[in-house]
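Structure, as structure tokens:
In structure tokens form, the structure reads like this:
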């Protein structure tokens, strides 16, 4: 008897609650298999991207400050 046949035979004798636990475990096994396929992150590449986006964010913030300050002046004007 193959492993698949043995498991199928055992499943037939389980209660509904036990089947729910088996279903949860199968979901966990699938999740674990997907996580193994996730490539390792290159720390140097992440650091470079972080620096690039930090500079870009800073530039956008500085550009938006004049608009923000102008809006505040308009709010305070009678």
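Residue numbers (this note's numbering): 44 to 121. Idealized CB from N, CA, C, for every residue including glycine.
Please tell me whether residue i and residue j are closer than 8 angstroms, where the distance is taken between their beta carbons.
i          : j          : result
residue 72 : residue 62 : no
residue 57 : residue 65 : yes
Say the cut is 7 angstroms; is the CB of residue i nearer than that to a heavy atom of the ligand FMN?
i          : result
residue 80 : Ligands displayed in this structure: none; no statement on the ligand FMN is therefore possible.
Legend entry - beta strand (DSSP E) runs wholly inside the stretch 54-85, at least 3 long, in chain order: If we require 3 residues or more, the stretch 54-85 turns out to have no beta strand (DSSP E) run fully inside it.
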